[in-house]
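Keeping their order, the protein sequence lines are chains D and Y.
Under my numbering, the residue at position 14 of the first sequence is numbered 172, and the numbers go up by one with no gaps.
Under my numbering, the residue at position 64 of the second sequence is numbered 238, and the numbers go up by one with no gaps.
Every residue, glycine too, gets a C-beta built ideally from N, C-alpha and C.
Values in this document were obtained by computation on a predicted structure and should not be read as measured data.
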Amino acid sequence: KNEVEQSPQNLTAQEGEFITINCSYSVGISALHWLQQHPGGGIVSLFMLSSGKKKHGRLIATINIQEKHSSLHITASHPRDSAVYICAVSEETSGSRLTFGEGTQLTVNP
Amino acid sequence: NAGVTQTPKFRILKIGQSMTLQCTQDMNHNYMYWYRQDPGMGLKLIYYSVGAGITDKGEVPNGYNVSRSTTEDFPLRLELAAPSQTSVYFCASSGPTQGVLDISETEAFFGQGTRLTVV
């Protein structure tokens with residue numbers, strides 16, 4: 159079992175739909191990161207959070223430390239949101255080394 | 175700030191050749207990482223460093239070497255290229271920043287990636 163599990167692996171949505179991507183982890187963490195990888199490969203950081211909730215535009219990230227679970231929400235999805243979304247955790251016991259989930263491929267159709 | 179600069183963007187190697195992938199960050203981050211991403215797969219950690227002079231193996235270190243002589247630079251060396259090393263390589267860095275007493279985390283920053291093909 160991977161230390162970081164994401165679901166779903168693939169997600170197809172229609173433009174305008176509300177999207178949720180889930181991340182569960184099994185290790186103690188100091189922070190959780192949500193990353194976005196567009197076709198062509200570049201990876202950018204969307205959020206880093208260790209508690210509660212963060213919002214940036216149409217993106218919302220939440221984390222429940224007790225349940226070891228985080229969600230990434232996209233409101234009013236748009237085709238330009240199509241990308242791979244990656245959850246990563248900074249592990250407490252390994253000096254904040256990042257451990258990645260396998261990613262969720264999101265496709266938003268017009 | 176330039177962030178994380180990774181070179182080259184593309185490279186084709188013949189089996190047995192060697193090369194160095196360069197990675198430089200200008201954010202004074204302590205942590206630096208090298209990952210590889212095979213087609214359709216997630217990121218796998220090759221090596222990482224928690225500061226100058228310190229390196230550690232990740233999940234898939236075989237066939238690679240690294241060094242961290244300065245905070246800024248973290249080159250990845252392939253000594254004898256093999257077809258199994260065909261992949262996209264990413265360098266990344268994250269905080270805490272060198273010399274800061276507050277050890278809070280920072281976001282992870284990634285280079286643009288190197289697409290390596292070994293033939």
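Shorter than 8 Å from the beta carbon of D276(Y) to some beta carbon of chain D?
Note that D276(Y) has pLDDT 49, beneath the 50 cutoff, so the model's placement of it is unreliable and the number below is only indicative. No, D276(Y) does not count as interfacial toward chain D.
Rounded to the nearest angstrom, how far is the Cβ of V262(Y) from that of Q211(Y), given a contact under 8 Å?
5 Å
Tell me, to the nearest whole angstrom, how far the beta carbon of G287(Y) is from that of G199(D); I am working on the premise that it is less than 8 Å.
5 Å
Using beta-carbon positions only, say whether Y207(Y) and A266(Y) come within less than 8 Å of one another.
yes
Cβ-Cβ distance between S192(Y) and L254(Y) below 8 Å:
yes
Ends of the beta strand (DSSP E) at E163(D)?
Element bounds for E163(D): 162-165.
Could you tell me which uninterrupted beta strand (DSSP E) segments, each at least 3 residues in length, are contained entirely in the stretch 194-242 of chain D, listed from first to last along the chain?
201-207, 210-214, 217-222, 227-232
Under 7 Å (Cβ pairs) to chain Y, residues found in the stretch 159-178 of chain D:
So the list is empty, because no residue satisfies the distance condition.
How many Å lie between Q195(D) and I223(D) at the Cα?
25 Å
Inside the stretch 197-267 of chain Y only - beta strand (DSSP E) runs reaching at least 3 residues
Within the stretch 197-267 of chain Y, the complete beta strand (DSSP E) runs of at least 3 residues fall at 203-211, 217-225, 228-231, 238-240, 250-252.
Looking only at DSSP bridge pairs, what is F284(Y) linked to?
A266(Y)
is_contact[A246(D), chain Y] using C-beta, thresh 8 Å
yes
Which residue comes first and which comes last in the beta strand (DSSP E) that contains F184(Y)?
Run containing F184(Y): 184-187, per the beta strand (DSSP E) assignment.
Helix or strand or just coil, what does DSSP make of E250(D)?
helix
Which residue wins for smallest C-alpha separation from L193(D), given the options Y243(D), T233(D), V266(D)?
Y243(D)
Which class does D276(Y) belong to by DSSP, given the choice of helix, strand or coil?
Because D276(Y) sits at a pLDDT of 49, beneath the cut-off of 50, its placement in the model cannot be relied upon, and the point is left open.
Determine, using beta-carbon pairs with one atom in the stretch 210-226 of chain D and one in the stretch 163-171 of chain D, whether at least three such pairs fall under 8 Å.
Fewer than three pairs of CB atoms, one per stretch, sit closer than 8 Å, so the stretch 210-226 of chain D makes no contact with the stretch 163-171 of chain D.
Burial state of S176(Y), where buried means 16 or more other Cβ atoms lie within 10 Å
The sequence as given places Ala at residue 176(Y); Ser does not occur at that position. Using a 10 angstroms sphere on the CB of A176(Y), the tally of other CB atoms stays under 16, which defines it as exposed.
Backbone CA spacing between R251(Y) and P257(Y) [nearest angstrom]:
15 Å
Quick one: using the 10 Å Cβ neighbour count with 16 as the cut-off for buried, is D276(Y) buried or exposed?
No answer about D276(Y) holds up, because its pLDDT of 49 lies below 50 and its placement is not dependable.
Give the residues of chain Y in contact with E260(D), contact being defined as C-beta atoms less than 7 Å apart.
G216
What are the residues of the stretch 217-234 of chain D that lie near chain Y, defined by any Cβ-Cβ distance shorter than 7 Å?
none
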